[in-house]
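Asker:
Number of protein chains: 6
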Amino acid sequence: MSKLTHLDEQGHAHMVDVSEKAVTTREARAYAEILMLPETLEMIVSGGHKKGDVLAVARIAGIQAAKRTSDLIPLCHPLMLTKVSVELVPDVEKSAICISTLCRLSGQTGVEMEALTAASVAALTLYDMCKAVDKGMVISEVKLIEKKGGKSGHWKIEG
Amino acid sequence: MSKLTHLDEQGHAHMVDVSEKAVTTREARAYAEILMLPETLEMIVSGGHKKGDVLAVARIAGIQAAKRTSDLIPLCHPLMLTKVSVELVPDVEKSAICISTLCRLSGQTGVEMEALTAASVAALTLYDMCKAVDKGMVISEVKLIEKKGGKSGHWKIEG
Amino acid sequence: MSKLTHLDEQGHAHMVDVSEKAVTTREARAYAEILMLPETLEMIVSGGHKKGDVLAVARIAGIQAAKRTSDLIPLCHPLMLTKVSVELVPDVEKSAICISTLCRLSGQTGVEMEALTAASVAALTLYDMCKAVDKGMVISEVKLIEKKGGKSGHWKIEG
Amino acid sequence: MSKLTHLDEQGHAHMVDVSEKAVTTREARAYAEILMLPETLEMIVSGGHKKGDVLAVARIAGIQAAKRTSDLIPLCHPLMLTKVSVELVPDVEKSAICISTLCRLSGQTGVEMEALTAASVAALTLYDMCKAVDKGMVISEVKLIEKKGGKSGHWKIEG
Amino acid sequence: MSKLTHLDEQGHAHMVDVSEKAVTTREARAYAEILMLPETLEMIVSGGHKKGDVLAVARIAGIQAAKRTSDLIPLCHPLMLTKVSVELVPDVEKSAICISTLCRLSGQTGVEMEALTAASVAALTLYDMCKAVDKGMVISEVKLIEKKGGKSGHWKIEG
Amino acid sequence: MSKLTHLDEQGHAHMVDVSEKAVTTREARAYAEILMLPETLEMIVSGGHKKGDVLAVARIAGIQAAKRTSDLIPLCHPLMLTKVSVELVPDVEKSAICISTLCRLSGQTGVEMEALTAASVAALTLYDMCKAVDKGMVISEVKLIEKKGGKSGHWKIEG
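Protein chains in written order, with this note's numbering: chain D, 1 to 159; chain L, 1001 to 1159; chain H, 2001 to 2159; chain C, 3001 to 3159; chain R, 4001 to 4159; chain Z, 5001 to 5159.
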């Protein structure tokens, strides 16, 4: 197993040099879910377009957060995303909203952090909008699903 | 169960009016954990102060994210935190880093979102620093632990 | 007519001292409209909730912009808004979307700039989402409608 | 007339994929004007360099806002502007300050929103600096003047 | 000599708790200077209002930086400045521009960092605008001059 | 000596056009030092890893500030850094912490401002963390050390 790339030989944090990495199309998919009371889920999904804003606000927050990733995560490189999407799907069985994100760019570094940040912030935004009725919601399973492009190539979550 | 406060009668998102709420001391504690391979955890905790930067970077990122919450979460009120702390504790049994955050202020609205955002971003920062060796890490159990102050009073997670 | 308060005696810009101003409830309402082709307006309003995201995105962008006003307008004071709302109403006769904003806080300085910034950014966001089909849209009538609180008292637009 | 590109088939907002678009030189010119009382205009333009800061502050605010466009407008792509200019010309006949902006870059997406945002924020900054003497100022005619580069080619406002 | 307040007993960084500190008027004055070639200074000061923008841009950049201090300095508390001024005075003898800043607020924590950040960023902005003609400029003597208010009381630089 | 490039013929600030400049690897090294009481320096360096956070926080703040340079310095171009490092070395003889920064990217404009901003903000962050024990610290010798790449070629500080 290789060493932690974000620390130099003295164990000091630095922003890794990617100057020599190839510019390739890179893509990442991430996931998060927020578990809630059945009544909370019902409030979000019922009422048709009237409640549409709840999911729309979370979607927008996720997209904007992807763009601010290098500002939030100290050692992330700034980069220029060429696509971001955030999909929110209610899952009545799990009593959860499931969040799937996709980020893409043509650049020198991967976009895993952008996809993960979008998923996390979309989930936090749902928490914010529903916390008056359900403080016990839990955000879970925030994880990378797939990654393409770059030297390390294709990676996909197991199972 | 009351309705979603962040939507008006037409179902449109707005920033809730807190002008008339009392200025009281408010406090929130949140939690998150990031599960990883035992080898990854070993890399973070071994080596004494040399690896100290990994946890320090995550701690700082969490503190700064708390301050940017109203910029990230669309309907959050801007507020002036008077205290933020982020504690990171390795848990060898779980093969995880456990993150506990505390936010406090004297103001008109609660700081739950600030505490949750700090925990999430600290976890994402750990993911970023270790992703070169372990892409399968999972952030989990992001939740509010306790909340004090304000009209809704004291709330504590069950169990 | 008094002098420009944002310049000192040498004509140099500064951020005006409001340390001694009273903390009172302050409120401002602003307006903007964006004129477009009838076909463009039709695309936004038709289709029921499916197109709902267009107005929701503009609403969120306006709310977030209000919170960032002191970052955008160099001599604005930072302040803590306690309420923001952005209302978007299609006007078929004018072939326009009409935007009305309201900002409120309890503080030492007024919130006119916050209300005007929210209206402007909501309008720009509509332009962005529709520009692929209608580059000739025009944002117009960006103005303060009403202002309450503070030493200068109540002000309302004429006519 | 094509459909709204910023919504997917379900009517959900997303950041459009520009990964496959060509990198070309792109340029946009925008315009805005702010109408004011003749006395207000007189205060800005008189006094020679002493009042120079009013126009300088608006110019700087416009340039900085252009750089923050993707942060303000939710579905805008981040991009790296290679030139921004903001020109402010007093027009005594109209009793207005006329604002012309130009943005340029070599990239995968156009810079219309950057030019329009620069013009809007320069106008809002003028409002801020003069509002103590003239609350009735109106920002008007915020529009795209010209656009070059990219697949949709050259576009110029009519008339 | 007391211990470093920004570290807890384990040596971990945290944002100090100021919840219990009194709200008082607090003020800080800071200073910085940028030394340059006599020809560079001559270019800035000559030409009357034509070159006025150089000092105006630095002034605005300093004011805006003061407002962003808590975003830049990880352990600074967010606060609401009620006054900022940045004064730039050419000193032909020293061949330098001397920068004096003043920040004020009524709050629970001091504004030393805001005054120092304003001075530093004003100096960096001057460097940026003149670097094409003089890369050897040096920013020096960035220091706190005076501090009033708060528990630690009045402090003034010696000599 | 050429004229100030950041002003147009009327002396108005603008963001210089770099559209036609070549994309080359560019690099800059900068320096800053912060002078303090010997006791203050002793507090930072003693205690081994327990005090490690002080230097780690300053390092992270410097890295993050480099990424925000175009947001802080009004006429700087946005750019995508591919490497940032910030090194902090205690110098007992000088009773100072010496800060050396390095920024690199492949782009159309130089990274001098990014390296200088990183050094300044790292120094300000040290000031913040130690100000409770030593308000008289002075940041000094903020300067460019070396610059490579671009049309103006290699530049190195004299002496």
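Using N, Cα and C, we set each Cβ at its ideal position, and we do this for glycine too.
1) Find the residues of chain C that neighbour D2053 of chain H, judging by a C-beta separation of less than 7 Å, and give them in chain order.
2) By the criterion of Cβ-Cβ separation under 7 Å, what are the contact partners of S5070 of chain Z in chain C?
3) I'd like to check one pair, C1098 of chain L with V1089 of chain L: are the Cβ atoms closer than 9 Å?
4) Using only alpha-carbon positions, find the residue among L:T1025, L:A1058, L:A1030 that is nearest to Y1127 of chain L.
5) In chain order, what residues of the same chain have a beta carbon less than 7 Å from the beta carbon of L2105 of chain H, not counting five sequence neighbours either side?
6) Going by DSSP, what residues sit across from T117 of chain D in a beta bridge?
7) Below 9 Å on C-beta distance, what does P3038 of chain C contact in chain D?
8) Assuming I5145 of chain Z is part of the beta strand (DSSP E), what are its boundary residues?
9) L2105 of chain H lies in the alpha helix (DSSP H); which residues open and close that run?
10) Quick check: D5053 of chain Z and G4011 of chain R, are their CB atoms within less than 9 Å of each other?
11) Is V4045 of chain R close to chain C, meaning its C-beta is less than 9 Å from at least one C-beta of that chain?
12) What do you reckon, are the CB atoms on A66 of chain D and A115 of chain D nearer than 9 Å?
13) Could you pull the DSSP bridge partners for D4091 of chain R from this structure?
14) From A119 of chain D to I1157 of chain L, what does the alpha carbon distance come to, in whole angstroms?
15) How would you label E3033 of chain C, buried or exposed, when you count the other beta carbons within 10 angstroms and need 16 or more for buried?
16) How far does the beta strand (DSSP E) with E1042 of chain L in it reach, from first residue to last?
17) When the Cα atoms are used, what is the spatial distance from L4004 of chain R to V5133 of chain Z?
18) Can you tell me the Cα-Cα spacing of C76 of chain D and I2145 of chain H, whole angstroms?
19) When the distance is taken between beta carbons, is M3137 of chain C closer than 9 Å to K2143 of chain H?
20) Identify, in the order they occur along the chain, each residue of the same chain with its Cβ nearer than 6 Å to the Cβ of E39 of chain D, setting aside the five sequence neighbours on each side.
21) Does any residue of chain L bring its CB to less than 9 Å from the CB of A2115 of chain H?
22) Considering only C-alpha positions, which residue in the set D:S140, D:V45, D:S152, D:L102 is nearest to A30 of chain D?
23) Return the CA-CA distance between I73 of chain D and R2068 of chain H, expressed in angstroms with no decimal places.
24) Grouping DSSP H, G and I as helix and E and B as strand, with all else coil, what is V2016 of chain H?
25) Using the beta-carbon of each residue, which ones in chain D are nearer than 9 Å to K1147 of chain L?
26) What does the Cβ neighbour count give for D91 of chain D, buried or exposed, with the cut at 16 atoms within 10 Å?
27) Pick helix, strand or coil for L35 of chain D, following the three-state DSSP scheme.
28) Quick check on S2070 of chain H: does DSSP put it in helix, strand or coil?
29) To the nearest angstrom, report how far apart I4060 of chain R and L5007 of chain Z are at their CA atoms.
30) Output needed in chain order: residues of the region 4018-4029 of chain R with a Cβ under 7 Å from some Cβ in chain L.
31) Can you pull the chain R neighbours of V5160 of chain Z, defined as C-beta to C-beta under 7 Å?
32) Between the C-alpha atoms of D3071 of chain C and H2014 of chain H, what's the straight-line distance to the nearest angstrom?
33) Measure the C-alpha to C-alpha separation of I3044 of chain C and V4086 of chain R and round it to an integer number of angstroms.
34) Confirm, please, whether the CB-CB distance from K1131 of chain L to L1035 of chain L is below 9 Å.
35) For T1125 of chain L and G5062 of chain Z, I'd like the C-alpha separation in whole angstroms.
36) In chain order, what residues of the region 1090-1110 of chain L put their CB closer than 7 Å to some CB of chain Z?
Answerer: From the atom records:
1) In chain order: L3007, G3011, H3012, A3013.
2) Those are K3067, listed as they occur along chain C.
3) For V1089 of chain L and C1098 of chain L, yes; Cβs fall inside 9 Å.
4) Nearest option by C-alpha distance: L:A1058.
5) Excluding positions up to five away in sequence, the list reads R2026, L2079, M2080, L2081, T2082, V2111.
6) According to DSSP, which records beta bridges pairwise, T117 of chain D is partnered with nothing at all.
7) Neighbours of P3038 of chain C on chain D: none; closest Cβ ~42 Å, over 9 Å.
8) 5138-5148 is the extent of the beta strand (DSSP E) around I5145 of chain Z.
9) The continuous stretches of alpha helix (DSSP H) do not include L2105 of chain H, which lies in the beta strand (DSSP E) extending over residues 2096-2107.
10) Closer than 9 Å, so yes.
11) Answer no: the Cβ-Cβ gap between V4045 of chain R and chain C never drops below 9 Å.
12) The criterion of a C-beta distance shorter than 9 Å is satisfied by A66 of chain D and A115 of chain D.
13) In DSSP, D4091 of chain R forms a bridge with R:A4096.
14) For the pair A119 of chain D and I1157 of chain L, the Cα-to-Cα distance works out to about 24 Å.
15) Counting Cβ neighbours within 10 Å, E3033 of chain C comes out buried, since at least 16 surround it.
16) Secondary structure note for E1042 of chain L: it is in no beta strand (DSSP E), and the uninterrupted alpha helix (DSSP H) holding it is 1038-1045.
17) CA-to-CA, the gap between L4004 of chain R and V5133 of chain Z works out to about 7 Å.
18) Straight-line Cα distance between these residues: approximately 44 Å.
19) Closer than 9 Å, so yes.
20) Same-chain partners within the cutoff: there are none.
21) A2115 of chain H does not count as touching chain L.
22) Residue D:L102 is the option with its Cα nearest to A30 of chain D.
23) So the alpha carbons of these two residues sit roughly 21 Å apart.
24) Three-state result, V2016 of chain H: coil.
25) Neighbours of K1147 of chain L on chain D, chain order: K135.
26) By the C-beta density criterion, D91 of chain D is exposed, having fewer than 16 other C-beta atoms within 10 angstroms.
27) Looking at L35 of chain D - three-state DSSP - the assignment turns out to be strand.
28) In this structure, DSSP gives S2070 of chain H a helical state, which the three-state scheme calls helix.
29) Rounded to whole angstroms, the separation of the alpha carbons of L5007 of chain Z and I4060 of chain R is 16 Å.
30) Taking 7 Å as the Cβ-Cβ cut-off against chain L, the residues of the region 4018-4029 of chain R that qualify are V4018, S4019.
31) Since the displayed chain Z opens at 5001 and closes at 5159, residue 5160 of chain Z lies outside it and no answer follows.
32) For D3071 of chain C and H2014 of chain H, the gap between their C-alpha atoms comes out near 26 Å.
33) Per the coordinates, the alpha-carbon of I3044 of chain C lies some 21 Å from the alpha-carbon of V4086 of chain R.
34) If you check the CB distance, L1035 of chain L and K1131 of chain L do not come in under 9 Å.
35) Here the alpha carbon of T1125 of chain L sits roughly 17 Å from the alpha carbon of G5062 of chain Z.
36) For the region 1090-1110 of chain L, which is checked against every Cβ of chain Z, not one residue is closer than 7 Å.
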